[in-house]
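Engineer:
Numbering (this note's numbering), first residue to last: 2 to 96.
Here it is as structure tokens:
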């Protein structure tokens, strides 16, 4: 049975790809399934010579943000969502 899902838009060189969503069933979280899905996206984007990978996320998800910063992502922008008080960060990983 599927336990994880990823949606991303790979673009060939010299374009940047975009990672829009990673989801893992709650009972399977903490097993690095989401991280492995993200690493597969990164691997694929590098294979097609994409310039890099962009995404955005809630800044309050400290554990995930720290994990992504360790992978080499840089914070490129921070802003408040129009329809909530949630602080969002845009991240970019250049290849």
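Backbone N, C-alpha and C fix where the C-beta goes; we use that ideal spot for every residue, glycine too.
1. Could you tell me the distance, in whole angstroms, from the CA atom of residue 47 to the CA atom of residue 22?
2. What residues are listed by DSSP as bridge partners for residue 24?
3. Report the option in 61, 24, 42 and 41 whose CA atom is closest to the CA atom of residue 90.
4. Determine whether the beta carbon atoms of residue 93 and residue 74 lie at a separation below 9 Å.
5. For residue 10 and residue 55, what's the separation of their Cα atoms in angstroms?
6. Helix, strand or coil: how does DSSP classify residue 95 here?
Structural biologist: In short, the structure shows the following:
1. Sequence index remark: in the chain shown, residue 47 carries index 46 (1-based). Sequence index remark: in the chain shown, residue 22 carries index 21 (1-based). The alpha-carbon atoms of residue 47 and residue 22 are separated by roughly 19 Å.
2. Here residue 24 is taken as the residue at index 23 of the chain shown, counted from 1. According to DSSP, which records beta bridges pairwise, residue 24 is partnered with 6.
3. The residue given as residue 90 occupies position 89 in the chain shown. For the residues 61, 24, 42 and 41, the minimum Cα distance to residue 90 belongs to 61.
4. For this step, residue 93 is matched to residue 92 along the chain shown. For this step, residue 74 is matched to residue 73 along the chain shown. Cβ atoms of residue 93 and residue 74: closer than 9 Å.
5. The sequence position of residue 10 within the chain shown is 9, counting from 1. The sequence position of residue 55 within the chain shown is 54, counting from 1. Near 10 Å, if we compare the C-alpha coordinates of residue 55 and residue 10.
6. Against the chain shown, residue 95 aligns to sequence position 94. The answer is strand: DSSP assigns residue 95 an E or B state.
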